[in-house]
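Trainee: Handing you a structure now.
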Amino acid sequence: MPLLFITFCASNNNYLTSIIINFVFSFYQKNVAAYFLIRSAASQIKLVSGL
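All you need for the numbering used here is the position in the sequence shown, starting with 1, plus 231.
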């Protein structure tokens with residue numbers, strides 16, 4: 232999962248980031264481990280974009 236790319240998008244375009252997160256989430260929604268990973272990444276992105 233390209234966390235650096237997603238973080239880069241978060242600092243430049245929150246709309247694009249939400250599309251990426253939604254796509255990745257829907258692709259891995261049946262994988263519980265990936266679900267928690269995505270949730271964790273999403274909270275980190277909110278932290279980064281909030282700075």
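Glycine residues also receive a C-beta, built at the ideal position from the N, C-alpha and C atoms.
Distance check for N253 and A273, CA to CA, integer angstroms please.
Mentor: Mapped onto the sequence shown, residue 273 falls at position 42. Mapped onto the sequence shown, residue 253 falls at position 22. About 10 Å.
Trainee: Are there 16 or more other CB atoms within 10 angstroms of the CB of I250, so buried, or fewer, so exposed?
Mentor: Taking the sequence shown and counting its residues from 1, the one referred to as residue 250 is at position 19. Exposed, since its Cβ has fewer than 16 Cβ neighbours within 10 Å.
Trainee: Output the distance between the C-alpha atoms of Y266 and F256, rounded to the nearest integer angstrom.
Mentor: The residue given as residue 266 occupies position 35 in the sequence shown. The residue given as residue 256 occupies position 25 in the sequence shown. Taking the straight line joining both Cα atoms gives about 7 Å.
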